[in-house]
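Reading through the structure tokens given below for one structure.
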């Protein structure tokens, strides 16, 4: 169950592991792109990680991006954030969830 929740929450990270090209979205660099490429996934591509970063640039502020980038190296932190009763964490999680849903729609790896 925990595995499913973390994977579902980390759509951005899952997309990075898929390899392939993004679907027409300009590639960007930033904390999320760097974390995506540094996560140790053999199929992470600069294009796909850049696409995820581009979506983050449109949907998350800098502080949220920094917080989300930490999830790549510490998936348990994502789980803890999702389950938190802290109002700030709850608000962040809603923004993060919107980001991951959009990134999963836009940054589709090409097989």
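Residue numbers (my numbering): 343 to 453.
The beta-carbon is built from N, C-alpha and C at its ideal position, and this holds for glycine as well.
- Query: Just how far apart, CA to CA, sit residue 431 and residue 440?
  - Reply: Residue 431 and residue 440: Cα-Cα distance of roughly 14 angstroms.
- Query: Are the CB atoms of residue 404 and residue 370 nearer to each other than 7 angstroms?
  - Reply: Against a cut-off of 7 angstroms, the Cβ pair of residue 370 and residue 404 comes out as no contact.
- So residue 437 packs on residue 402, CB below 8 angstroms; how close in whole Å? Their Cβ separation, rounded to whole angstroms, is 6 angstroms, which keeps residue 437 and residue 402 in contact under 8 angstroms.
- Skipping 5 residues on each side, what residues in its chain have a beta carbon closer than 6 angstroms to that of residue 372? 395
- Query: Under three-state DSSP, which class holds residue 406?
  - Reply: Note: residue 406 maps to helix in three-state DSSP.
- Query: What does a CB cutoff of less than 7 angstroms around residue 384 pick up in its chain, not counting 5 residues either side in sequence?
  - Reply: Cβ neighbours of residue 384 beyond the five flanking positions: none.
- What number of angstroms, rounded off, separates the C-alpha of residue 419 from the C-alpha of residue 410? Within the model, the alpha-carbon separation for residue 419 versus residue 410 is close to 9 angstroms.
- Please report the residue range of the alpha helix (DSSP H) in which residue 391 lies. 388 to 401 is the extent of the alpha helix (DSSP H) around residue 391.
- Task: Using three-state DSSP, classify residue 428 as helix, strand or coil.
- Result: coil
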